[in-house]
Each structure stands twice: as structure tokens, then as C-alpha cells.
Amino acid sequence: MALVTTTEMFKKAYDGGYAVGAFNVNNMEIVQGITEACAELNSPVILQVSKGARAYANHTYLVKLVEAAVIENPHIPIALHLDHGPDFETCKSCIDGGFTSVMIDASSKPFEENIEITKKVVEYAHAHGVVVEAELGTLAGIEDEVKVAAGDASYTHPEEVEEFVTRTGCDSLAIAIGTSHGAYKFKPGTKPQLRFDVLEECSKRLPGFPIVLHGSSSVPQEFVDTINKYGGAMPGAIGVPEDQLRHAAELSVCKINIDSDIRLAITATIRQYFAEHPADFDPRQYLKPARAAVKAMVAHKIVDVLGSNDKI
Ligand code: G3H
Ligand code: 13P
Ligand code: ZN
């Protein structure tokens, strides 16, 4: 199977009451860990690349790594998606350069400007067989080099979604319901709670339309504990409870974005490895267990959170 768009994936996910995982990729081990888990569990997957990932690893390397994963795992649908495209030019470069899906994130712009930029990307993308994710509402945290303070974040206004989708022609919509990017999503001592009322209001106005959740790492405490035990300093790192993500997947959420949990799995594994094997210096020695940790984490998400196993 060649790279696919998300159209078919989202239709099946919406109808089946599950979500497809969108995992950020930055190097070979991450691509391999994610896709090995998906292949074993017969799960569709979205591999997403941020502006920062392109700056780090280079567009061509990332596309070729994902193409290699497609060749190695021909039985699963894999989409290659631009995460948080900041402008038309970046989206165009990814559309021209082999991506099957792009996100235009003009969510920090006023409503009319967001519509105008999104519409322009949709016109170009659709003319080239590529689908478009857009965003309404802003998440707190770091959105690809743009840091949004908690006070400046805002939930999506459900009364705006129908007009936005109709006027832009976007294929999926990311909404803000209380998630945020990074490993510090909620204040320690408070009860994390997503705004399911906002999600349901948005879905009611967009029947059958795929909703996307960003900032959906659950920050597993075993990773945080391991990092802190072996020399790290991540006090108070808290993510989205997995049962709330599972609930969102049963509703209209068809794409759940996970990046921080990959970073945590790798960092926890490598910190522990270095502490226990101080004489080792071959990167393969510690990248191999790090890749296995990514695979195990993704497998857990697929089965226990997303519900995307055996859906190809
Ligand atoms: O939304 C942010 C993603 O986690 C990507 O992060 O811009 O550091 O690659 P990045
Ligand atoms: P996390 O930081 O929660 O993993 O979110 C990732 C994300 O939304 C990428 O777009
Ligand atoms: Zn995001």
C-alpha cells in the first residue's frame, strides 16, 4: 500500500467509535518504534512532522524514512501529515514534497484571517489530492516554537465551527477543549478534566465530521518517575487521563496527537540505561531499548486508549 490520505481512516474511525493515533516523528528509531507497533496490531497510523522536525532532520530524510516504513509494513494504512503548518508556504512545500495531509494552524489569528489562510491552503491541497486539518481555538503550551501562555489559551466557540468548516472546506478540525502541548498540562493537585460539553456542542453542529485533539499525551507517571530517579528534573509533569482520551475517541474525535509521551519513553529509557551501563558508548546499545519503549508505549495507546487495533 502507498501512503494514504486520512479520508478513509477518519470515516472508519468515526463510524467505529475509535481514533487514529497521530505520532510525531523526528528520527529513524521513532518511525520504526511506532510503525512496528501498528503493524503488529493491524492499526492505521498518522506519522506527523512538525516545522521543528523538518528543521532538525530535514524534509527529505523524514519523507524517505516514512516511505521506508510504508515498504516495510505494506498491510497498514500510513498517512504522512504536516503538524502545525504555520503558513501557506510551509504547507505548499509539504504538499509538493510527498505529504498526504497538512495542518494549517492559523488558530492564533482572528477568525476571518484564519478562514482566509485555511481556505487558500485547502484550495491548493485539494487540487493536489492532499487533505487539510485546520484549528479553531488555541491550546496552551508550545505550538511549534509559538509559546501560548495558559491565560491566552481559549476553548473553541462551538457557534463558530459550522461557518468555519463550510467556508474553508477543511477536512478535519482541531478544537481546544482543555488539552495543551508538552508535559505540564495541569497544575499538580488539580483534577484534570476535558470540556466534553464543548466537544459535544461542536460535534452536534458538524455531524459526521472528524474532530482532532492536540496535546493528548497522558505523561505516564512511570516515565516521569524513571526520569526523576535517574538524574532528570521533571517535577509536576501531568498529562491527560487516558480514560478521558478513550471517551473522546468513542465520540467524534478521530485523530489523537501524541508527541510528549514518545519523548518521555525515550528519555526515561536512555537515562536508566546510562545509569546502569556507564561504560557503554555505542548509540545502538541505548537506542535499541529506547525504540522498544516507543513501540511498547504506542501499542498500549492503540489497544487501551485509541481502540484502533484490527481496524485495517
Ligand atoms: O505540537 C507540538 C509538537 O509536539 C511538535 O513539537 O515543534 O518541538 O517538534 P516540536
Ligand atoms: P503532546 O505534547 O501532548 O504530545 O501533543 C502533541 C501534539 O499535539 C502535536 O501536534
Ligand atoms: Zn499540536
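Heads up: the sequence shown begins at 0 in numbering that gives the first Met the number 0, then just goes up one per residue.
Each residue gets a CB set at the ideal place from its N, CA and C atoms; glycine is no exception.
Here the structure is a predicted model, which means the values were calculated and not measured.
From residue i to residue j, what does the alpha carbon distance come to, in whole angstroms?
i	j	result
residue 157	residue 198	8 Å
residue 28	residue 219	20 Å
residue 294	residue 20	13 Å
residue 60	residue 73	20 Å
residue 13	residue 77	17 Å
residue 239	residue 23	17 Å
residue 113	residue 213	18 Å
residue 310	residue 105	32 Å
residue 259	residue 115	31 Å
residue 192	residue 176	9 Å
residue 257	residue 221	17 Å
residue 85	residue 262	22 Å
residue 108	residue 178	19 Å
residue 6	residue 170	8 Å
residue 207	residue 281	50 Å
residue 126	residue 119	11 Å
residue 223	residue 166	43 Å
residue 37	residue 297	8 Å
residue 87	residue 275	47 Å
residue 195	residue 299	23 Å
residue 234	residue 184	12 Å
residue 64	residue 70	10 Å
residue 144	residue 41	Because the pLDDT of residue 144 is 48, which lies under 50, any placement of that residue in the model is unreliable, and the number read from its coordinates should be weighed accordingly. Going by the C-alpha atoms only, they are around 34 Å apart.
residue 96	residue 10	25 Å
residue 269	residue 277	11 Å
residue 89	residue 172	19 Å
residue 307	residue 58	28 Å
residue 52	residue 190	32 Å
residue 16	residue 202	13 Å
residue 111	residue 0	39 Å
residue 8	residue 279	43 Å
residue 305	residue 66	24 Å
residue 301	residue 181	20 Å
residue 162	residue 39	41 Å
residue 46	residue 100	10 Å
residue 98	residue 117	17 Å
Taking residue i as the reference, which of the options has the closest Cα?
i	options	result
residue 228	130, 273, 77	273
residue 18	236, 271, 251, 278	251
residue 314	105, 130, 39	What the structure shows of the chain is the stretch from 0 to 311, and residue 314 is not part of that stretch, so it cannot be assessed.
residue 246	215, 221, 267	215
residue 26	279, 15, 55	55
residue 34	68, 91, 224, 189	68
residue 248	289, 270, 209, 280	209
residue 168	122, 126, 206	122
residue 230	271, 137, 37, 135	271
residue 48	10, 134, 102	102
residue 267	288, 279, 254	288
residue 138	124, 279, 154	154
residue 94	62, 0, 205, 286	62
residue 133	71, 64, 42, 254	254
residue 204	164, 181, 189	164
residue 124	91, 39, 305, 136	91
residue 75	99, 44, 66, 98	44
residue 160	305, 39, 135	135
residue 303	244, 232, 117	244
residue 211	182, 174, 180, 181	174
Using DSSP's beta-bridge definition, name the partner residues of residue i.
i	result
residue 20	255
residue 84	103
residue 220	Answer is none; residue 220 lacks a bridge partner.
residue 4	Paired residue(s): none; residue 4 is not in a bridge.
residue 133	103, 172
residue 62	In DSSP, residue 62 forms no bridge with anything.
residue 212	255
residue 236	In the DSSP output, where bridge partners are listed per residue, residue 236 has none listed.
residue 12	DSSP lists no partner for residue 12.
residue 79	46
residue 92	Per DSSP, none; premise fails for residue 92.
residue 153	137
Whole-angstrom Cβ separation of residue i and residue j, contact assumed at under 8 Å?
i	j	result
residue 217	residue 241	5 Å
residue 187	residue 237	6 Å
residue 31	residue 283	With 8 Å as the limit, residue 31 and residue 283 do not qualify as a contact, their Cβ atoms being about 13 Å apart.
residue 83	residue 50	7 Å
residue 232	residue 265	Not confirmed; about 17 Å, so no contact.
Please determine whether the Cβ atom of residue i lies at a distance below 7 Å from any heavy atom of ligand 4.
i	result
residue 181	Among the ligands present in this structure, namely ligand 1, ligand 2 and ligand 3, ligand 4 is not found.
Does any CB atom of chain B fall closer than 8 Å to the CB of residue i?
i	result
residue 217	Reference to chain B is not applicable here, since this structure consists of a single protein chain.
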